[in-house]
Amino acid sequence: MKTIFLIFLLLTCVVLVNPDIKNTGWQKGGLKGKVKEQIQFIYRFEKKIKILDEKTISKFNDKGNPTEIEWYYNFDGSLGDRFIYQYDTNGNIAEKESYDSVGSFSYKNIYKTNSNGDVIEMIRPDSDGALDYKILYKYDDKYNLIELANFNNSGSLNYKTVYQYDENGNKIKEIEYESDGSFQEKDSYTYIYNSKGKMIEQLLFDEEGNFDWKFTYKYDENDNIIEMSCYYPTGALRYNVIYKYDTIGNMIEDAEYTPSGFLKAIIEYQYTYYE
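Mapping to the numbering used here: the sequence shown position 110 is 127, numbers consecutive.
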């Protein structure tokens, strides 16, 4: 179940906020209006019974940047992890601290950003404050992430990932290089767009170039995605996702249906806004 949710969350840009790579204001995070808090509920259905699997609470400052994210992993509502974010005077991400379910400190990330607010370096100190590892990021002139390089505490490369994009800024290829110089191509993507430049079809190929999945997208008059369908290589429907929005344009529901129309899982969103 969680694997299926992860697939369509990633492929359809659902508004899960992640400020770890880029400075994420409301618009960059896919949110509309001055959102103060977003609560996300993930449910699954067993014998038509709606069961809460996870809950996420994201809090934002008046600039639209996340300041705190709490993940409730357990069905009984107990806290799983908590993340605290701090920003510099320009509003760019500076630090992230992680705490476990009992409030104990887990780790800290320290960031450096460029003039666009994109993270160009992330440092992870160990428990003694010494360098554990660091990640360097590179971008193209359209601010797409084109390279991620992970180095150990001695400065040696652990691995490097290179990304390629189409003219619309969507990823078409990913190549991962190991420390010995060997490499492996990851999944690749092909896209079809409508006259407005909105993606209406996405083809996914595995590392050997074999056709894996097809995703199709439908939009409303405001260019909000309202339906996403996933197909097997044979053309048979794997699952279908329907999206709903509030009057402001923020997503309030995405529901996954089986090919026979059975509601399998649902994600619901609630928002609190600054006045």
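Cβ coordinates follow ideal geometry from the N, Cα and C atoms, glycine included.
Should serine 75 and glutamate 85 be called a contact, given that it needs their Cβ atoms to be closer than 9 Å?
Yes, Cβ-Cβ distance for serine 75 and glutamate 85 is below 9 Å.
I'd like the list of long-range same chain contacts for glycine 42, defined as Cβ closer than 7 Å, with 5 residues on each side in sequence excluded.
Only Lys80, Gly81 and Asn82 meet the Cβ criterion.
Mind checking which residues open and close the beta strand (DSSP E) that includes glutamate 63?
From DSSP, the beta strand (DSSP E) with glutamate 63 extends over 52-63.
Do you know how far the Cα of asparagine 170 is from the Cα of aspartate 214?
Inspection of the sequence shows that residue 214 is occupied by glycine rather than by aspartate. The alpha-carbon atoms of glycine 214 and asparagine 170 are separated by roughly 44 Å.
Extract the residue ranges of the beta strand (DSSP E) inside the segment 159-243, only unbroken runs of 3 or more that lie entirely within it.
Runs of the beta strand (DSSP E) inside the segment 159-243: 162-169, 174-182, 188-195, 200-202, 205-210, 216-222 and 228-236.
Going by DSSP, what residue range makes up the beta strand (DSSP E) through valine 258?
Element bounds for valine 258: 254-262.
Less than 9 Å between the beta carbons of glutamate 244 and tyrosine 260, yes or no?
Contact: yes.
On the DSSP bridge assignment, give the partners of leucine 69 in chain order.
The partner list for leucine 69 (beta bridge, DSSP) reads Tyr60.
Is it right to say asparagine 257 is buried, meaning 16 or more other beta carbons lie within 10 angstroms of its own, or is it exposed?
Result: buried.
Can you check which of these residues, Ser173, Phe168, Glu202 and Asp240, is closest to valine 179 by C-alpha distance?
Among Ser173, Phe168, Glu202 and Asp240, the Cα nearest to that of valine 179 belongs to Glu202.
So, with DSSP's three-state summary, where would you put alanine 111?
Strand at alanine 111.
Just to confirm before moving on: does the CB-CB distance between isoleucine 56 and glutamine 287 stay below 9 Å?
In this structure, glutamine 287 lies closer than 9 Å to isoleucine 56 by Cβ.
Is it true that the segment 136-148 meets the segment 42-52, where meeting means three or more beta-carbon pairs spaced less than 8 Å apart?
Contact fails: fewer than three Cβ-Cβ distances are below 8 Å.
Using only the alpha-carbon positions, how far apart do isoleucine 111 and lysine 151 sit?
Note that residue 111 is alanine in the sequence shown here, rather than isoleucine. For alanine 111 and lysine 151, the distance between alpha carbons rounds to 14 Å.
Could you give the distance in angstroms between the alpha-carbon of tyrosine 262 and the alpha-carbon of alanine 147?
Whole-angstrom Cα-Cα distance: 46 Å.
Candidates Val136, Ile265, Arg255 and Asn185: which alpha carbon is nearest glutamate 273's?
Nearest C-alpha to glutamate 273: Arg255.
Take the Cβ of threonine 289 as the centre, count every other Cβ of all protein chains shown within 10 Å, and call the residue buried at 16 or more, exposed below.
The residue in question, threonine 289, is exposed, as its Cβ has fewer than 16 Cβ neighbours within 10 Å.
Do you know offhand how far glutamate 218's Cα is from lysine 177's?
Near 29 Å, if we compare the C-alpha coordinates of lysine 177 and glutamate 218.
If you draw a straight line from the alpha carbon of tyrosine 66 to that of proline 276, how long is it in whole angstroms?
The amino acid occupying residue 66 in the given sequence is isoleucine; tyrosine does not appear at that position. Answer to the nearest angstrom: the Cα atoms are 19 Å apart.
Whose C-beta lies closer than 6 Å to the C-beta of threonine 130 among residues of the same chain, with five residues either side of it excluded?
Answer for threonine 130: Asn109 and Val136, listed in chain order.
For phenylalanine 122, which residues does DSSP report across the bridge?
DSSP, once it has assigned bridges, lists Tyr116 as partnering phenylalanine 122.
Pick from Gln103, Gly120 and Val119: whose alpha carbon is nearest that of glutamate 126?
Going by the sequence as given, residue 126 is asparagine instead of glutamate. Measuring from the Cα of asparagine 126, the nearest candidate turns out to be Gln103.
Taking the alpha carbon of threonine 73 as the reference point, which residue from Glu238, Arg61, Glu54 and Gly266 has its own alpha carbon closest?
Cα-wise, what sits closest to threonine 73 is Glu54.
Do aspartate 183 and isoleucine 192 have their beta-carbon atoms positioned less than 9 Å apart in this structure?
For isoleucine 192 and aspartate 183, no; Cβs fall outside 9 Å.
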